[in-house]
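Asks: Can you read through this structure? Questions will come right after.
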Amino acid sequence: MHKDNGFYEHLVSFILKISDSRISIRKKTYLCCLINDTAMKRILPAFIILLISVAVFSQNDQTTCNLGFSFKISNNSNWGNNEPVVTEVVPGSPAEKAGLKANDIILEVNGNGTYLKPSHTIMSWFMEKPSEMSISIRNFEASFKPMHIAKDCRPRNGLSEAQLAPVFSFYSLEDIQDRKFIIPVKTTINPDADFFNYRTYD
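Residue numbering for the sequence shown follows our numbering, starting at 7 and increasing by one per position.
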């Protein structure tokens, strides 16, 4: 194994003279592999590093983005009928930082009108831009208010601080809590009234 390459070349030539051509080719290929064994030892680590780099790049590319709010298509004739209405905004989320609130009516997503559009079409517009989303809303304060929401993107297998806090005691002094208070009040609503046309005054 420590002979120089010249020794192996002479050995291959000798085998070619005394052996069948098919056997010679196989022997020559085997001996050439022995000759190039040192080169392969140098190439193999570089090849492994390349595979690891590709795997890490692919893993980093698998990200999920969070906007921090949910919505539903309203069938309430009093508020946002046949339009998406925000049902919940997560505290500390990009949506809350942008100023989005519960019961806001979403009029546009990235310039696309939402009236009479199904929810899956509207959600597909959320993914048009990788890092942000622009929407326009309507509420009691404004009839048309545009806003930009920056997406909170992280690896798919990553966990947020809010998810880790319940697992590790005293991991963080800040935590998120959702509380709902139910008040037994019975109300009667005029089905023909559009609440957007009404205002309250202090």
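All C-beta atoms in this analysis are idealised placements derived from N, C-alpha and C, irrespective of residue type, glycine included.
For my contact list, Lys-78 and Thr-93 are in at a C-beta cut-off of 8 Å; report their separation, rounded to the angstrom.
Replies: 5 Å
Asks: To the nearest angstrom, report how far apart Ser-80 and Cys-71 are at their CA atoms.
Replies: 25 Å
Asks: Using a threshold of 7 Å, is the CB atom of Lys-123 nearer than that to any non-hydrogen atom of the ligand ZN?
Replies: For the structure depicted, the ligand ZN is absent and the ligand set is empty, with no information on it obtainable.
Asks: Check the C-beta distance from Glu-89 over to Asn-116 and give it rounded, since I have them as a contact under 8 Å.
Replies: In fact, because the Cβ distance is near 16 Å, the residues do not count as touching under 8 Å.
Asks: Please classify Leu-73: is it buried, with 16 or more other beta-carbons within 10 angstroms of its beta-carbon, or exposed?
Replies: Leu-73 should be labelled buried.
Asks: Quickly, what does DSSP pair Phe-142 with across the bridge? List them, please.
Replies: Residue identity check: residue 142 is Ser in the sequence provided, not Phe. Under DSSP, the beta-bridge partners assigned to Ser-142 are Glu-114 and Pro-152.
Asks: With a threshold of 8 Å, are at least 3 pairs of Cβ atoms found where one atom belongs to the region 111 to 127 and the other to the region 95 to 102?
Replies: no
Asks: Run the CB neighbour count on Lys-157, radius 10 Å, all protein chains shown included, and call it buried at 16 or more, exposed below.
Replies: buried
Asks: The alpha helix (DSSP H) spanning Lys-78 covers which residue range?
Replies: Counting along the chain, Lys-78 falls outside any alpha helix (DSSP H), though it belongs to the beta strand (DSSP E) covering 75 to 79.
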